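Data block below; observations after.
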Ligand code: 0O2
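Residue numbers (full-length UniProt numbering): 21 to 227.
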């Protein structure tokens with residue numbers, strides 16, 4: 021392709037990133053406002069903390085190749101929803117759905133996708149609630165909507181996922197050891213869940 025075509029692609033690519041970044045700011049603000057409200061007016065705040073990130077272009081390209089998507093801006097717009105991502109770490113298991121409801125019930129938030137790995141954990145033990153929502157962002161020329169991926173999980177689920185992620189990207193572990201860790205991780209996921217449920221029960225009794 022010619023130089024002008026490539027420049028045009030770069031511009032469209034930057035436009036996607038801009039829209040997603042702005043949508044992330046909107047969702048981030050909504051969640052911060054909820055956090056603020058819970059702290060000010062309620063005896064319990066479901067939100068422990070939040071982490072925002074924009075997918076770096078190298079992992080975007082890796083994902084497009086892994087999923088066999090076309091390497092075009094159109095295909096990115098239609099298939100990749102997690103360029104902008106926010107993770108909400110909650111204190112307890114029930115808090116996951118409190119945060120979900122409070123966000124998704126807002127008039128300008130549209131739920132596009134929902135994967136409930138809390139109700140149905142992945143075979144490796146992974147738990148989290150994954151939502152893709154879209155929100156309008158207001159540009160000089162008018163409003164456009166863009167998607168944001170939200171992962172909602174407890175402290176225990178987050179601790180587990182961070183360790184499992186580290187292990188997955190360590191490529192010098194021998195297969196026997198990897199298998200041993202996989203078994204231990206799966207057991208730990210179940211045990212963590214039992215502990216978090218038990219702690220939640222104590223906390224609720226104390227309220
Ligand atoms: P990164 O670097 O975290 O961004 P989709 O994104 O919906 O097109 P998929 O694979 O069906 O594709 O999405 P899914 O199952 O909702 O998972 C997407 C993200 O969830 C992953 O992002 C991880 O962040 C997280 N995740 C999913 N499964 C696991 C798991 O088994 N362990 C851990 N630690 N995290 C998981 P990316 O794109 O892989 O990468």
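For glycine and all other residues, C-beta sits at the position ideal for the given N, C-alpha and C.
In this text the structure is predicted, and so the values were computed from the model without any measurement.
Per DSSP, residue 106 lies in no alpha helix (DSSP H) segment; the continuous beta strand (DSSP E) that holds it begins and ends at 104 to 110.
Set against 8 Å, the gap from the CB of residue 30 to the closest heavy atom of the ligand 0O2 is not smaller. Proximity of the stretch 179 to 199 to the stretch 214 to 221 falls short of the contact definition, fewer than three beta-carbon pairs being nearer than 8 Å. Annotated as proximal: residue 51 and residue 119, with beta-carbon spacing under 9 Å. Runs of the beta strand (DSSP E) lying entirely within the stretch 148 to 203 and spanning at least 3 residues, in chain order: 149 to 159, 162 to 174. Here residue 95 has 84, 89 as same chain residues with Cβ atoms under 8 Å from its own Cβ, once five neighbours each way along the sequence are excluded. Taking the CA atoms as reference points, residue 207 sits about 34 Å from residue 63.
With a minimum length of 3 residues, the unbroken runs of beta strand (DSSP E) contained wholly in the stretch 33 to 92 fall at 67 to 74. Excluding five sequence positions before and after residue 205, the CB atoms of its chain that fall closer than 6 Å to its own CB belong to 145, 184, given in chain order. For the 9 Å CB-CB criterion, residue 171 and residue 148 form a contact.
Taking 9 Å as the cut-off, the Cβ atoms of residue 178 and residue 106 do not count as close. For residue 140, the three-state secondary structure derived from DSSP is coil. Residue burial annotation: residue 98 is exposed, with fewer than 16 other C-beta atoms found within 10 angstroms of its C-beta.
Sequence-distant partners of residue 40 (beyond 5 residues in either direction) whose C-beta falls short of 6 Å from its own C-beta, in its chain, are 103, 104, 166. Note on geometry: alpha-carbon atoms of residue 31 and residue 22 lie some 14 Å from one another. Between the ligand 0O2 and residue 199, a heavy atom-to-CB distance of less than 8 Å is absent. Put simply, the backbone Cα of residue 212 is about 50 Å away from that of residue 27. According to DSSP, residue 226 shares a beta bridge with no other residue.
Judged by beta-carbon spacing, residue 46 lies within the 9 Å limit of residue 168, meaning their Cβ atoms are closer than that value.
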